[in-house]
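Protein chains in written order, with UniProt numbering: chain D, 1 to 476; chain C, 1 to 476.
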């Protein structure tokens, strides 16, 4: 090893220290890009306005990331419309009531174009983490609490909020976290029929040693072998939109409440939800299904807030919570910062417009009117019936209010109509069959939360079908 | 049933038809919001420019979604800086070389502020799907192909591209898809030491009946029990940055190539990658680790392009592919549309600036210079050594080029320094211990891809440590 005199060593250290000092002092000028350079956002703003001004006859839309023809964005037409300006109705186009994007909220966002516009800088949030080393934006969390307080639909005081990538990830996280850690007696995941098929498909897909799908919750009330049960309770329920409570109780039962539709748009809110494990999601609140954001809330007493979800949930057991955190951080390193930024902007608009009431008034009014028109159309039919939803006291409106469900849960009443989807298909209507919800195909789910065009076409076809029956009934 | 005369029935049908026609014809005026209303993007643009103009001494940044004081966004300081303008160096702040956000690319994006700015409308892409019913933007896919063609680092002709939420999800998808479907003989997931710990932690976490972690790939060469093996090959490797090929062969072996770092920033590109299953990611290409986007590419011969990933991969087996699609669609219903939009904007900038070469020139130059300075600093030390990376022919530059790795893989050479992380910690440097990569703690990984401030502080501390040793060596 080369020998260096002591004095030279100190000299080198001193020099290195000076170099670092100079770097740290002069670096501001490097880092500080030219702030006199104003107007760097002009191009992006003009591009967005130009694309938004493209006319698509009200039956389509051009997007900045859409396909281009000759370098220009073109109209992307809604279902059943075509042509360069989406002005032509596609002949015999089926009324698609299978899909469930909550596009009825699109006009709300167009009406609030200015307040909901968002400019993202190229260098925005490049890190994995926020400065407090969490994966979640503190501002976003604050706005979620604010919104629950306005909607009066959930208790968030004394609870942590966490996020994940869409509902599916949170359902998985809950099952992984709540399931038995003893692989010789796996937990059973159950839900009351009719239930959302994702609970089954997700559970089946993973095929781990720790849990399996157990089917209908009502069959588990005895639970004679004392196995651990995880009950999913969707309230309001998908597909029939009824408010629900868990049917199982006891020391072996863990209940997960999926409150995706527990907003004044879709249901009366009898009281703020305050269960142990609760999941919420952005898509049914703002309509941004494409943004894939869900959120969790859980009691502060037990938990550490350092993780991020995209639906909400609540838990009371430290081990369970730790497993949940492991699942989410391990699976995602947090939700995209772009999604969080967008969600924040949207929630700011919601909490601002009409003192935070406008979105709920708009959503409730739109869905209630659709439900009324559909009910009326079907009222003359004996062949088809709809689920009954009673008017109920609503904590948000502080009065009894009419129903405004996201789905019609249609039943074919005639004995021979065992496949109701087929009956509707013959009338050019696409629904989702009951078998997907673990009931007979005499039931079918019809989405009524898409665009107004979609709803009008559906109503038109149903009306025609009902009238045809009336006619057939009469001629018989 | 009420009897309605035939004529009345036809009258009702006709009326309903007329109503629908009127709705469809008049609706354009409803859907067409006031396009004369220009300037709806102005507020968002001004807000972003105002936030960007906040001075944080070059050692921090304000963000539109950051915390606010008195309603104004405040500086968020980089590591080791504090104060309202981030102008104060935190005394004795450790040099954190454990974290691995690729923030060295931040100045590139600030330099291209105008072209990388993005304005998102409130109603942008609210659906789960794009108009072609896929979860992925066709434009984004086109730009990914274009970028690979420019970088000359992967063959994408004749291959599909798919996306997922960050690398972790794609690693899981690959394991779920490639593993044995016979639970009595689970697949073993293996990787050559030193390997990226996520392969093990992910595999262990899921604990399914179909796969388990099998440890070091080199121990599996005999594979005497003919079990199915899934070998992960990271090339260049994390932590030692060496180019690699799979070490296992034969009918029971499936190989997954993780090419996260296979870009001219970090390595010579000997030839375009053309393996069967390949994964890429956005975070190491553009530096946007927070955006959680990875992508997949795979031969068109076998597959259906209707799914979305956030890293790239390639597969040749129809069953495997189908399982992969199931995993991703089931787990995510596609990646956030906001993330896709942001990625598209960033890739447009990359392909445009300097004919698509600027990002690679910038990345290569920055990382090469850091490596040179670090190597030089350590060259006088006998106590510490660095991995050797030979200059190599690069397909992108069409010449032999110097190394520019993302990580220094440091070894403590003195016999007594069995815990090299501890040695560094005493010198106020945080590294990631070898044990996390399945080797002895005589090795430690140091990230050199963060901000220039972080690198300078690391280099300063290493320099001090090396000089101290030289002094100690001399005084002994």
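All residues carry an ideal CB built from backbone N, CA and C; glycine is no exception.
* To do: Would you identify the three-state DSSP class for residue 455(D), choosing helix, strand or coil?
  => helix
* Asked: Can the beta-carbon of residue 254(D) be found less than 9 Å from the beta-carbon of residue 178(D)?
  -> yes
* To do: Can you tell me which of 291(C), 467(C) and 152(C) puts its alpha carbon nearest to the alpha carbon of residue 273(C)?
  => 152(C)
* Is any beta-carbon of chain C found at less than 9 Å from that of residue 148(D)? -> no
* Asked: Just curious, the beta strand (DSSP E) that residue 420(D) is in, first and last residue?
  -> Looking at the DSSP string, residue 420(D) is not in any beta strand (DSSP E); the run it does join, the alpha helix (DSSP H), is 420-426.
* Just how far apart, CA to CA, sit residue 220(C) and residue 187(C)? -> Cα-Cα distance, rounded: 12 Å.
* Taking residue 395(D) as the reference, give the member of 265(D), 389(D) and 351(D) with the closest Cα. => 265(D)
* What first and last residue would you give for the alpha helix (DSSP H) that runs through residue 563(D)? -> Residue 563(D) is absent from the structure shown; chain D starts at 1 and stops at 476.
* Using a C-beta cutoff of 9 Å, does residue 190(C) count as contacting chain D? -> Judged by the 9 Å Cβ criterion, residue 190(C) is not in contact with chain D.
* To do: In the DSSP assignment, find the beta strand (DSSP E) that holds residue 232(D) and state where it starts and stops.
  => 229-234
* Can you tell me the Cα-Cα spacing of residue 356(C) and residue 232(C), whole angstroms? -> 30 Å
* For the segment 114-138 of chain D, enumerate the residues whose C-beta is nearer than 7 Å to any C-beta of chain C, in chain order. => 114, 116, 117, 118, 119, 120, 121, 122, 123, 124, 125, 126, 127, 128, 131, 137 and 138
* Asked: Closest by CA to residue 141(D), which one among 427(D), 469(D), 343(D) and 353(D)?
  -> 343(D)
* Tell me the start and end of each unbroken beta strand (DSSP E) in the segment 258-293 of chain D that is at least 3 residues and wholly inside, in chain order. => 278-281
* To do: Mark residue 129(D) as exposed unless 16 or more other C-beta atoms lie within 10 angstroms of its C-beta, in which case mark it buried.
  => buried
* Asked: Cβ of residue 102(D) less than 9 Å from any chain C Cβ?
  -> yes
* Asked: From the beta carbon of residue 215(D), is the nearest beta carbon of chain C less than 9 Å away?
  -> No, no contact with chain C.
* **Interface residues of chain C facing residue 41(D) [CB-CB closer than 7 Å]** => 45, 48, 49 and 117
* Asked: Pairing CB atoms from the segment 453-473 of chain D with CB atoms from the segment 68-86 of chain D, are three or more of them under 8 Å?
  -> Counting Cβ pairs under 8 Å, three or more are found: they touch.
* Same chain, Cβ closer than 7 Å to residue 105(D), neighbours up to 5 away in sequence not counted -> 286, 287 and 363
* Around the Cβ of residue 228(D), are there at least 16 other Cβ atoms within 10 angstroms (buried) or fewer (exposed)? -> buried
* 9 Å Cβ cutoff met for residue 194(C) and residue 409(C) -> Against a cut-off of 9 Å, the Cβ pair of residue 409(C) and residue 194(C) comes out as a contact.
* **Helix, strand or coil at residue 441(C) [DSSP, three-state]** => Under the three-state reduction of DSSP output, residue 441(C) falls in the coil class, being neither helix nor strand.
* **Cβ neighbours of residue 196(D) in the same chain (closer than 7 Å, five flanking residues each side left out)** => 234 and 238
* CB contact check: residue 413(C) to chain D, cutoff 9 Å -> no
* Asked: In whole angstroms, what separates the C-alpha of residue 277(D) from that of residue 291(D)?
  -> 23 Å
* Enumerate, from N- to C-terminal direction, the unbroken alpha helix (DSSP H) stretches of 4 or more residues contained entirely within the segment 106-137 of chain C. => Fully contained in the segment 106-137 of chain C are the following alpha helix (DSSP H) runs of length 4 or more, in chain order: 106-111 and 113-116.
* Establish whether the CB of residue 292(C) and some CB of chain D are separated by less than 9 Å. => It does; some Cβ of chain D falls within 9 Å.
* To do: Closer than 9 Å, Cβ to Cβ, to anything on chain D: give me those residues from the segment 231-243 of chain C, in chain order.
  => For the segment 231-243 of chain C, the beta-carbon criterion of a distance under 9 Å to any beta-carbon of chain D is satisfied by none of its residues.
* Using the C-alpha atoms, what's the distance from residue 53(D) back to residue 46(D)? -> 11 Å
* **Where residue 340(D) falls, given that 16 or more other Cβ within 10 Å makes a residue buried** => buried
* To do: Could you give the DSSP three-state label for residue 42(D): helix, strand or coil?
  => helix
* Please check if any C-beta of chain D sits within less than 9 Å of the C-beta of residue 336(C). => yes
* Same chain, Cβ closer than 6 Å to residue 462(C), five either side skipped, listed in chain order -> 377
* First and last residue of the uninterrupted alpha helix (DSSP H) at residue 436(C) -> Looking at the DSSP string, residue 436(C) is not in any alpha helix (DSSP H), and its letter there is neither H nor E.
* If we call anything under 9 Å between Cβ atoms a contact, is residue 432(D) one with residue 412(D)? -> No, these two residues do not count as a Cβ contact at 9 Å.
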